[in-house]
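In what follows, a single structure is set out as structure tokens and then discussed.
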Amino acid sequence: MLPWWMGLILLTAGGVDSFTLEPRLAIAKRGSHGSYFGLAVTGHPFTSNRRPIQNVVLVGAPLDQGGGALWSCPYTNLDRDCHQVLIGKRGNQSDSMEEEWFGATVHSQSSGESVIVCGHRYVEKSRIHRWGRGRCMTLKQNLEYSATWDPCERRSKARAHEEWGYCQAGISAYLTKDNFALIGSPGPFTWRGTVFSMSIANDFLFRDKTQFHTPVQGQGITLDKYSYMGMSITSGNFLPRSLNCGQDETYASGAPRATIGGKVILFSKCEGHIMPIHRQLIGDGFASSFGYSLASADLNADGLDDLLVGAPFYSNRQGSGGAVYMYKNSPMGLVKDSKRMKLVMPKVEARFGFSVANVGDLNNDQITDVVIGAPYDGRGKIYVFLGSESFFLHTESSPVSLADQIISAEELPLIGTNPPVVVGSFGYSLFGGMDFDNNNHSDIVVGAYESDAIYIVRSRPVIDIRTWFGEHPRVLEPSLMTCSESQEGSSDNARCFTIEACFEIKQFPKNVESAHLAFQVEAEIFTGGRKISRIHFSNPNPDDYPSHVSRKILEIRRSSLSGCFKEMAFLKEDTSDLNIPLKFKLSLWLQQDEPMLLKQRLPQNIDHYPVLNSKQTDKILTIPFLKHCGDDNICQSDLELALRLENREELFTDDVLSVSPMKELVLALDVSNRGEPAYETKIDFVVDEAFTFIGRADPHNDIQCSYREDQSSVHCEVGGPLKQDNVTLLFRVGAHSLKDTLHLAIFNATISTSSLNMAAQDTPGTRWAALNLKTVKRSELSLQASAQPQTFWYGGAIRGESAIKTTNDIGAKMMHTFHINNAGPWPVSSLELVVHWPIQLIPTFPEKPGKWLLYLTEEPELIPRGAGSCFYNSKSVNALGLPPSSRLQRRHVAVPTLECHSNSDELIHCMEIRCQLQQLMPNSDVIVKMRSRVWNSTLVDDFPTLDHIRLRVQGTLVLPKEVKAHQSSDNDQVTVDILGYPSHPLQSTLGSIPTWILVCAVLAGCVVVCIIGLILHQFGFFKRKRLSNERGGQRGGGCGIDESVNGRNAHSSYINGQGGHGGHGGHGGQGGGSGRNYKKSSHPPALSLPLL
């Protein structure tokens, strides 16, 4: 009968994962709130009063009870049963221990004989000084106080921080196998730093009393000030004895602020108290804090300790979350050129490498494993790397995803209730190498000081298993694959063969009696396999899993630790592809309950949840078909490749490919085989980074292609054998990120086959082909220009510059407008509008200034704003500083032609205005406006006899040399003409009089006329008596009023109605002249005036 814990057997498709560490059963311990409980952790084999050794966790809480404390936590399932071992308030009471941070560093000797605890902020008080010395204490195995170590106590402090005034001893500490304590002290000699080494042997009389330390002054100094040597310490056989003063153990210490990115110093004890520095390892990342953490571990089982170096502030293009360097040791020791593997964290500020630890053997394979902390990756994560003989076969720069297991704070059980504690900074401190539950697998301790908590994460027992494929055909001949017996689901024409899968368990956990092993064989459909399987198995339960999968559940016991099973595989009847080999995948896992944390005092037995050795759980089997390629069944193909542009005649111009985002390129890949059939032919087509793969345009549906966006490549697999034939694949690509410069687009193609390709490897057109195309963007730019108004008048008096008071006094007002348009389809990142502006006439005598022509009154205006900027001689814009006038005045424009870059250059001084425009998008416009005035006096003085004159402004679009945009240049240059006409003298005179004066004069005249009329009306001028003019009307046609100015006919000076001699009407005479007749008035006139 199975034990109670095996009662529930899961017969589903999946099984329990094979990760070694089990976070779901982690044991939590809590400290006082805000005490930084968990800032430092270590395991210790505690014993007292002849009781058996009990493994406990020692936890530092540097903010506990003011000066810090050390706590001991037993291996139980309770989270509040830790008890205090030692507090920092011990020693001279005059010294400052309130902020000592006692417990910031804790380390237990590997043999468990001693423990060292430090507080690096311990301060010695004197009458006028406070010296930041730091100190450490050692404890016995039963955690009783042993001694205090203050290496800077009696050293010179005359020069304060430039000597031993601020040692900060104890920021790191390490107990070696030979009973020496290494104490890191980053403060001496202006924070150059050093490491002290002193014997802690119990025999005080005979132990070495020498206090060794690394050099801080004089000869042997290899570090500058502010290097912070001593921030981390470890030891190992990093150097051969011949290079290590005859010592077996070499010490390593980190100086994270040395040079640019940090250093690791290798040194050892020799003759004298100065420990010489043998070698240095230098970090390669700026301000990466290389050396902030250190650990030693033999990761590849070669008997030599490898070195792990943390650089938690490392940043590069791969990521900025920290890095860890793993240096491979060699018989010649560690050197700066030692083979190494660098793990880079991509997540920002994860602080990967804040802690690194040798955690012993987690999976019981006799090889050391390591754990790396990233306390700020989310709420904290740890990364587990299992050692192996091939550990350093990875590339030098590797991602952290290579980790065999990643445990995050979210996977841990909750601590406390109402509400539960949210874990933070998980992974800040690490310890490993101790087996708390005695299952022959190391466990780890992880600190989370922000939550004042630690976790004991235990290892599940690992079943060391070996798997392989047993009986199976070495090669498949379809015509001979006949079934010897009737199988369920087969027919008379069925083709089948047998596959055998086997296992053997080398080492079965002592505390496990039995387990259920799931065997599964998949045919072709798996990661890295095909999409459709050509094989099916005789499956009695088709509803549970598909026909291409065979699965069995086996019970394994100590008495039966090996076995095999056979399965009949059937080749599907409609299978035509008999050339690509068949692939089978063997997978194994244990069927058992999921771990679940129970509320009980004693920890759950983790042996109930074993896992398989993950390196043996998956195997791949490949069985080829008989290929009929000679007696040796080895096909000798002869593949050739050619890559060309299919629509070259449509797109090519002057050997440069003008591309548009709306137009596709079609690249033709010609594949030919002149030899025997090529099996498993694969083609990789690499697309240039500026182009995107769109699809294919060929009819070969049997050739499957897939686009790999991360690699910008197309991977194609030929379904059947590629026989002596020619095949053309058409790939459609489109441009998406071309630069403005001339771009050399590179397209590559490679071909591979499982057959023996007889073509030369290094000859283009055989196994690889390339196509290089010079490409430019296509952008159609145009320039239009206009002037408003197009004509103007000039004339009047000639006025010098001193007589010009406002811009209105200059002459006609002009505005030139340049309209730049980009019709696309690509944007233009930069272009330039060059305007040649006729600003002055060149003087006859060089010593005299030139006469103004087109006088710029304002700076050029760009619409929209921010489209660019114009560059010109700023002194030429309103050079006289004339104020503008509010009066509006219409002017019109100019001929003979005065322009730049012609024969008139001898007369005209031109100014060049350059407007640089940025990012002109497709179907967008930029308008440049230039306001000016025609200098009237110049034209009147120099061109008085011309019928008209023409002033010409020229504008040109110019692309910078680095911008290669293909476009028509027909509309990149414009000219704008304005015509000026000399005005009539009267017009000139009037034109020179301000408008307001003319208006006022007219209004004043009207007022004067009204006043005169009003006076005449008051005197009765319009009401005087008039006589009948009948006689005058009969006698002649003259006017009745003699209007003669010369006084002739003065005798007719009375109004008598007779026809007198009219001043304009002619002589009065007979014949009924039309003289002016006046009727008699009923009232006498008020005043009778003689008619002059």
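Mapped onto mature numbering (1 follows the signal peptide of the UniProt record, and there is no 0), the consecutive letters of the sequence shown carry residue numbers -18 to -1, 1 to 1074.
Idealized CB from N, CA, C, for every residue including glycine.
Rounded C-alpha distance that separates residue i from residue j
i, j, result
"Arg540", "Glu658", "54 Å"
"Pro168", "Thr377", "34 Å"
"Gly863", "Ser784", "12 Å"
"His518", "Pro402", "52 Å"
"Cys100", "Phe84", "5 Å"
"Pro328", "Gly292", "15 Å"
"Ile242", "Leu205", "12 Å"
"Ala140", "Trp113", "11 Å"
"Asp959", "Ile994", "52 Å"
"Phe374", "Ser278", "15 Å"
"Gln898", "Trp819", "17 Å"
"Thr879", "Leu985", "42 Å"
"Gly1002", "Leu996", "10 Å"
"His143", "Arg174", "10 Å"
"Val715", "Phe675", "5 Å"
"Thr29", "Pro222", "37 Å"
"Ile538", "Ala624", "58 Å"
"Lys122", "Lys191", "19 Å"
"Arg137", "Leu276", "28 Å"
"Arg934", "Val908", "22 Å"
"Asp666", "Leu608", "26 Å"
"Leu52", "Ala155", "15 Å"
Sequence-distant residues of its chain with Cβ nearer than 6 Å to residue i (five each side left out)
i, result
"Lys567", "Glu504, Phe508 and Ile602"
"Phe1", "Gln387"
"Pro170", "Trp146, Cys149, Thr176 and Val198"
"Ser379", "Lys324"
"Val668", "Ser695 and Asn730"
Beta-carbon separation (whole angstroms), residue i vs residue j, contact threshold 8 Å
i, j, result
"His295", "Lys363", "According to the sequence displayed, residue 295 carries Phe and not His. Not a contact, Cβ separation roughly 17 Å."
"Pro395", "Leu579", "5 Å"
"Asp670", "Phe729", "6 Å"
Which residues DSSP lists as bridging residue i, in chain order
i, result
"Ala751", "Ala731"
"Ala293", "Ala305"
"Asp288", "Ala279"
"Gln489", "Asp446"
"Arg12", "Ala435"
"Val341", "Val341 is not bridged to any residue."
"Arg714", "Val648 and Gly677"
"Trp978", "Partner(s): none; Trp978 has no beta bridge."
"Trp53", "Val41 and Gln66"
Residue i CB to nearest heavy atom of the ligand ZN below 7 Å
i, result
"Arg261", "With respect to the ligand ZN, the structure offers nothing, as it holds no ligand at all."
Residue i (DSSP reduced to helix, strand or coil)
i, result
"Ser370", "coil"
"Gln1040", "Legend: pLDDT at Gln1040 = 39, less than 50; position of this residue unreliable, no value from coordinates given."
"Trp131", "strand"
"Ser736", "coil"
"Trp571", "strand"
"Pro381", "strand"
"Cys64", "coil"
"Asp556", "coil"
"Lys191", "coil"
"Glu1012", "Any reading at Glu1012 is ruled out, since the residue's pLDDT is 45, under 50, leaving its predicted position unreliable."
"Cys852", "strand"
"Thr87", "strand"
"Cys611", "coil"
Contact set for residue i: own chain, Cβ-Cβ below 7 Å, skip 5 residues either direction
i, result
"Pro703", "Asn561, Pro659, Ala660 and Tyr661"
"Ile349", "Ala283, Asp343, Gly369 and Ser370"
"Asp954", "Leu763, Leu765, Thr938 and Leu939"
"Pro5", "Ile389, Glu393, Leu394 and Val439"
"Ile792", "Ile786, Tyr837, Arg915, Trp917 and Asn918"
Any C-beta of chain B under 8 Å from that of residue i
i, result
"Leu344", "The structure shown contains no chain B; it is built from a single protein chain."
Residues near residue i by beta carbon distance below 8 Å, same chain, minus five either side
i, result
"Ile153", "Ala86, Thr87, Cys100, His102, Gly116, Gly166, Ser167, Pro168, Gly212 and Met213"
"Glu331", "Ser302, Gly303 and Tyr358"
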